[in-house]
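For the sequence shown, the working numbering assigns the number 37 to the initial residue and increments by one for each residue that follows.
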Amino acid sequence: NSIFAMIRYNKFFLGAFLLFILGIEAAESNNIGQNMAIKPHILLFNCRYGSGHLMATQGICESLPDCDIHVVDIYADPLKILDPLRDAAPQWSNEALYNKMAKKERNLLLNLAGAIAPKALFLQRKNVEKLLLKYIAKENPDMIISTVPLINPMVLAVAKKLNIPFLVITTDIDISFFC
């Protein structure tokens, strides 16, 4: 996958960028001059819709060995409540249906889902932000990274409220769902 290759190629830049940002955060929060080994805590949101998000997650984790990275499937944990069939009938969950449609190249259905999903999430924006705020505040990360489309505006709103740096790694050529 091209995104995985791109992340591996740019892993030095990504690692240096993240450690620079997190180093500034750590220096501001500790007494400057004390030589404390701080392992930045990164909350990395991914999902299992397709495989690009998982490959990007793997590339990020491999690129940042000096960070404590907590990988979370955003739809399995903080936003699990948005997909009531996920536990009751996993074969009918949003994720399972999407992956089946993609595997069978049901492009019309995928396009329909792509038109409906952003609007459905936008209608639930306040609830999504509330769920994310509770989860992220509990995690208390130094930085949030997302490889997940659709929910980034809501993650950004929460990151701003909590004053946490937020980085989006796109895994699709069409990045409109990541904005």
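C-beta: ideal position from N, C-alpha, C; glycine also.
- Straight-line Cα distance separating Leu192 from Val184: Here the C-alpha atom of Val184 lies approximately 12 Å from the C-alpha atom of Leu192.
- Query: Excluding five sequence neighbours on each side, which residues of the same chain lie with their C-beta closer than 8 Å to the C-beta of His89?
  - Reply: So the list reads Asn82, Cys83, Thr183, Val184, Thr207, once near-sequence residues are dropped.
- Starting from the Cα of Ile117, find the closest Cα among Leu145, Gln160, Val107 and give me that residue. Residue Gln160 is the option with its Cα nearest to Ile117.
- Message: Please report the distance separating the alpha-carbon of Leu100 from that of Asn188.
- Response: Their Cα atoms are separated by approximately 22 Å.
- Query: Where do the N-terminal and C-terminal ends of the beta strand (DSSP E) with Ile180 fall, by residue?
  - Reply: Run containing Ile180: 179-182, per the beta strand (DSSP E) assignment.
- Item | Run of the alpha helix (DSSP H) containing Leu168, from where it starts to where it stops | According to the DSSP assignment, Leu168 belongs to the alpha helix (DSSP H) that extends over 161-175.
- For Tyr171 versus Glu131, is the C-beta spacing smaller than 7 Å? Between Tyr171 and Glu131, the CB-CB gap reaches or exceeds 7 Å.
- Secondary structure of Leu79, DSSP reduced to three states: Note: Leu79 maps to strand in three-state DSSP.
- Query: Which residues does DSSP pair with Leu203 in a beta bridge?
  - Reply: Per DSSP, Ile181.
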